[in-house]
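Each remark here refers to the structure printed beneath this line.
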Amino acid sequence: MTKSLWPKKIEFSDKERPPVSILREQATYLGEKTQNLVTAEVVPLAGHVDNSLYDTAQSMAATALGSQKRTLKKDHFYDIFYLVAPVLNNYRFELFVTVHKIDQFYPIEIHSDTLDISGRELNSQDELLNELANIFSHPKTIKIIESMRVQSGWSHQEKVPS
Amino acid sequence: MTTFLFWNLNSKPLESMVATLALNHDVDILMLVECNILPATMLQTLNSIEKTQYYFTRSNCEKVVIYTKFSPEFLQRVLETNRLTIRKLSLPGLTPILLAVTHFQSKRNWSAGSQAMEVPVLSKHILKAEEEVQHSRTILVGDLNMNPFETGLVSASGLNAVMTREIALRGSRTVDGNNYPFFYNPMWGHFGDADENPPGTYYYGGSEHETFFWNIFDQVLLRPELVDVFQNESLKILSTDGANSFLSKHGLPDHSVASDHLPIIFKLNL
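Chains as they are written, first to last, in the numbering used here: chain X, 387 to 548; chain L, 39 to 308.
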């Protein structure tokens with residue numbers, strides 16, 4: 387029998403956590419803010435895309451006079467960040483999508499059709515946190531959350547339990 | 039029979055034509071994109087016709103507008119993005135389905151390669167919605183800005199949309215160890231000039247080497263579970279509202295009269 391060759395410690399530095407864990411953490415905070423009338427969910431796209439699609443599309447992109455628009459890339463992680471209204475039968479709204487290489491967390495790209503963000507590249511955890519703060523405080527984001535909250539039966543007269 | 043109509047209005051004030059179409063074809067669900075008509079205006083026009091009563095349905099999806107002949111409570115939202123709205127259509131006594139309506143990114147702004155790479159995200163949204171409602175009785179309708187033969191439509195992790203019922207009814211196919219459900223795409227049968235119907239839904243006569251001239255960007259796709267309730271003969275690309283032609287004297291979409299897209303209509307026997 388061979389001995390384990392894995393390093394004794396496989397851990398993430400607090401200075402650089404996986405982006406998806408940051409997104410999931412932020413998703414949890416939203417629920418706390420809205421008494422769970424509006425929550426968030428991070429859904430991976432991994433395993434969904436067949437490699438032939440990359441090859442074909444990359445070959446098309448190489449010959450096209452295209453712009454720097456979002457393209458799915460091989461060996462990258464994609465995560466969809468949804469706002470969710472559990473009371474409305476888990477109604478979901480895509481707020482943004484993130485993408486980064488499998489073997490590194492940064493740079494990470496953020497795309498949001500709703501907020502007109504097209505391939506914004508972030509090179510560190512701090513930049514990601516700043517961008518998330520901007521996204522979450524965007525008037526459109528707030529409007530959508532409010533809409534979901536109201537339709538879930540929230541009333542401004544209801545008191546938040548202490 | 040439940041009648042569906044989809045039209046890209048090219049931001050034109052076509053409320054009268056839309057209302058005429060809705061009346062003449064007894065449309066139950068009216069799906070519009072590039073629609074800048076205020077809901078109040080559209081409702082007043084639609085509901086000024088005798089014996090009709092349409093409702094506007096609320097949405098966070100900015101690109102798609104849906105009006106229905108029945109209460110919006112029967113068309114509940116399941117999942118949305120800025121370009122996609124997926125609704126649960128649950129009419130009393132009828133089989134519930136998922137209705138996904140989209141206005142996909144256009145070739146004006148995105149390369150064909152980029153479009154192809156974005157489709158898996160669209161596909162994932164649909165799968166997520168199907169997981170939520172626990173069935174796959176889904177139709178996808180919209181301006182896909184891609185032809186039925188393009189990569190995003192036919193690739194397994196794209197929409198996996200095939201041209202025949204027989205293939206679609208196999209359910210799914212496996213590629214690289216992953217299983218991908220089919221869509222049936224009846225639009226394939228509407229290419230060309232073999233009959234008197236328009237050869238496509240959108241005309242672009244570019245000057246580059248590869249030019250199709252007529253395209254079918256506006257499409258309806260059905261999961262295998264709905265193939266048997268769909269009648270191919272009910273699917274039409276419309277060139278008139280009964281009173282006005284949408285085509286120029288050369289047989290092309292007339293932007294000055296109507297839209298640069300032609301509407302599509304179809305029925306489901308739910």
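Even for Gly, the Cβ is constructed at its ideal location relative to N, Cα and C. Because the structure is a prediction, the values reported are computed rather than measured.
| Check | Outcome |
| --- | --- |
| Chain-ordered residues of the segment 166-188 of chain L with a beta carbon less than 7 Å from chain X | Lys166 and Glu170 |
| Assigned secondary structure, threonine 176 of chain L (DSSP; H/G/I helix, E/B strand, else coil) | strand |
| Run of the alpha helix (DSSP H) containing methionine 155 of chain L, from where it starts to where it stops | 150-171 |
| Euclidean distance between Cα positions of cysteine 73 of chain L and tryptophan 45 of chain L | 9 Å |
| One or two residues paired with aspartate 465 of chain X in a DSSP bridge | X:Pro430 and X:Thr484 |
| Proximity of tyrosine 468 of chain X and arginine 115 of chain L at Cβ, strictly below 8 Å | no |
| Short CB-CB distance (under 8 Å) between isoleucine 528 of chain X and chain L | no |
| Residue-chain proximity (tyrosine 477 of chain X, chain L), Cβ-Cβ < 8 Å | yes |
| DSSP three-state assignment for proline 472 of chain X, whether helix, strand or coil | helix |
| Helix, strand or coil at isoleucine 408 of chain X according to DSSP, with G and I counted as helix | helix |
| Residues near alanine 199 of chain L in its chain [Cβ-Cβ closer than 6 Å; skip 5 each side] | Leu191, Phe221, Asn223 and Leu259 |
| Within chain L, the residues that aspartate 499 of chain X reaches when beta carbons sit closer than 7 Å | Thr119, Asn120 and Arg121 |
| Enclosing beta strand (DSSP E) for proline 219 of chain L [first to last residue] | 216-219 |
| Chain-ordered neighbours of asparagine 98 of chain L on chain X, where CB pairs are closer than 7 Å | Phe479, Ile530 and Ser533 |
| Burial state of glutamine 490 of chain X (16 or more Cβ within 10 Å) | exposed |
| Assumed close pair phenylalanine 463 of chain X, isoleucine 488 of chain X - CB separation to whole angstroms, cut-off 8 Å | 6 Å |
| Residue span of the alpha helix (DSSP H) that contains alanine 138 of chain L, given as start and end | Here alanine 138 of chain L belongs to no alpha helix (DSSP H); instead the beta strand (DSSP E) covers 135-141. |
| Through-space distance from proline 77 of chain L to threonine 58 of chain L, alpha-carbon basis | 17 Å |
| Which residues DSSP lists as bridging serine 232 of chain L, in chain order | The sequence shown places alanine at residue 232 of chain L, not serine. Beta-bridge pairing links alanine 232 of chain L to no other residue. |
| Spatial distance of glutamine 537 of chain X from valine 473 of chain X (CA atoms) | 9 Å |
| DSSP three-state assignment for methionine 446 of chain X, whether helix, strand or coil | Note that methionine 446 of chain X has pLDDT 48, beneath the 50 cutoff, so the model's placement of it is unreliable and no number is given. |
| Which of helix, strand or coil DSSP assigns to serine 56 of chain L | A quick correction: the sequence has valine, not serine, at residue 56 of chain L. Residue state, collapsed to three classes: helix. |
| Contacting residues, own chain, Cβ-Cβ under 7 Å from methionine 387 of chain X (five flanking each side not counted) | none |
| Contact with chain L by leucine 553 of chain X, beta-carbon distance below 8 Å | Absent from the structure is residue 553 of chain X, since the part of chain X shown begins at 387 and ends at 548. |
| Classification of tyrosine 242 of chain L by the beta-carbon crowding that lies within 10 angstroms, buried from 16 upward | exposed |
| DSSP bridge partner residues for arginine 506 of chain X (one or two, in chain order) | X:Ile496 |
| DSSP beta-bridge partners of alanine 199 of chain L | L:Phe221 |
| Isoleucine 537 of chain X, DSSP secondary structure in three states | Checking the displayed sequence, the identity of residue 537 of chain X turns out to be glutamine instead of isoleucine. Residue state, collapsed to three classes: helix. |
| Contacts around valine 139 of chain L, its chain only, beta-carbon distance under 6 Å, and the 5 residues preceding and following it disregarded | Met69, Val102, Thr123, Val179 and Gly180 |
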